[in-house]
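> Here our numbering is used: the first residue of the sequence shown is 5, the next is one more, and so on. Below is one structure. I have some questions about it.
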Amino acid sequence: MRPVSGRRFPQRTGLDFTGEAVALGPAATGPAVGDRIWGIMPRTSGFGAAEYVAVRPRQLGRIPKGLDVVEAAALPAGTTAITALRDKARLRPGERLLVRGAAGGVGHVAVQLGKAMGAHVTGLARADNLGPVHRLGADEAYDYRATDPADAGGYDVFLDTMGKDFEAHRRLPGPAGRMETIAFDVERPVGSLGYLLASAAHGRRRVRFFSGNPRTALFNDLAAHVADGAIRPVVDTVSPLEEIGAAHRALEAGGVRGKFVVRVD
Ligand SMILES: NC(=O)c1ccc[n+]([C@@H]2O[C@H](COP(=O)([O-])OP(=O)(O)OC[C@H]3O[C@@H](n4cnc5c(N)ncnc54)[C@H](OP(=O)(O)O)[C@@H]3O)[C@@H](O)[C@H]2O)c1
């Protein structure tokens, strides 16, 4: 990961952010000073765990009414779920959707969105998160450590949030199925990304990877799903900025329900 992350530590973290617009550039259009906004920092130009961030207006949107900034901070990754299911997989009503990592930051939105799009949704999560995944609306939920997902039936769309074991999962969707992944294996990035590139040779059965770079229109779509009640945030834990290291360690230990939120007072 050194070519991506650099070698110098400590490093800043955090991409998703919420807050209030406090100043506008001279040519900025869109939000006004005082608007409550949400966005995702460009991966190459900054990190969101900070008191202030500078970002192009096209990369943020207004937080919908009914969410406070902490709740809203659990949702910007929902833009990834929308891109995966609506734009990449083109999920259709009645199709069977499998979400791997269904209790996590992206997965908890994907489960809700899949239901809102009329799919039959199955979630994979650890045993003590099966109840929460059902409460998000999943029709079925299985413990990934005790279940061979192949036993749970065929799928039209498989959304992977792990970036591992692609070959074992590639045939889960049927011949007309689609497999989308949003992650690669950070412990073996070259092999993992190489697999994704090579999988193009499998045509329809390839594993498709994308990296989101959401713009205002996508944040507006997310806000509309919140406004019509289809998507609600799940906040696992709120930590002060001073404890961000402990928050990262807790996330790495596993078992997350929704999102960890870091609060900057
Ligand atoms: N491409 C993009 O645009 C994009 C956007 C957002 C995020 N991402 C990436 O996507 C990945 C997921 O992000 P996230 O925020 O959803 O992470 P997260 O909140 O940590 O969730 C990951 C989930 O996967 C579960 N899990 C772990 N091993 C599993 C397995 N073998 N089978 C099924 N589920 C398993 C975890 O469950 P337990 O811990 O409970 O076991 C956890 O619920 C990260 O690598 C992130 O960097 C990419």
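Built from N, CA and C at the ideal position, the CB exists for glycine as well.
1. Arginine 192 and methionine 183 look like a contact to me (Cβ under 8 Å); what is the Cβ gap, rounded to whole Å?
2. Specify, as a first and last residue, the run of the beta strand (DSSP E) that leucine 89 falls within.
3. Leaving aside the five residues before and after valine 137 along the sequence, list all residues of the same chain whose C-beta is less than 7 Å from its C-beta, in chain order.
4. Kindly give me the distance between the Cβ atoms of glycine 262 and valine 239, rounded to whole angstroms, as I take these residues to be in contact under 8 Å.
5. Which residue wins for smallest C-alpha separation from glycine 259, given the options Gly109, Gly23, Ala88?
6. Flag this pair as touching only if the stretch 68-83 and the stretch 94-106 have three or more C-beta atom pairs under 8 Å; answer yes or no.
7. Between alanine 204 and serine 215, what straight-line distance do the alpha-carbon atoms span, to the nearest angstrom?
8. Taking a contact to mean a Cβ-Cβ separation below 8 Å, would you say glycine 82 touches valine 113 in this structure?
9. Kindly identify the DSSP beta-bridge partner or partners of tyrosine 159.
10. Which residue marks the beginning of the alpha helix (DSSP H) containing leucine 226, and which one marks its end?
11. Just to confirm my understanding: we take phenylalanine 264, look at its own chain, exclude 5 residues before and 5 after, and list those with CB closer than 6 Å. What are they?
12. In terms of alpha-carbon separation, which member of Ala187, Ala53, Val57 lies closest to leucine 28?
13. Take the Cβ of leucine 201 as the centre, count every other Cβ of all protein chains shown within 10 Å, and call the residue buried at 16 or more, exposed below.
With the given structure in hand:
1. About 19 Å; that fails the 8 Å criterion.
2. Where leucine 89 is concerned, there is no enclosing beta strand (DSSP E), given that its DSSP letter is neither H nor E.
3. Ala106, Ala107, Val115, Gly127, Ala129, Ala145
4. 6 Å
5. Gly109
6. no
7. Inter-residue distance for alanine 204 and serine 215 is about 17 Å (C-alpha atoms, whole angstroms).
8. Yes; because the gap between Cβ atoms is below 8 Å, this pair is in contact.
9. Pro177
10. Counted as a single uninterrupted DSSP element, the alpha helix (DSSP H) harbouring leucine 226 occupies residues 220-231.
11. Asp240, Thr241, Ala251, Leu255
12. Val57
13. exposed
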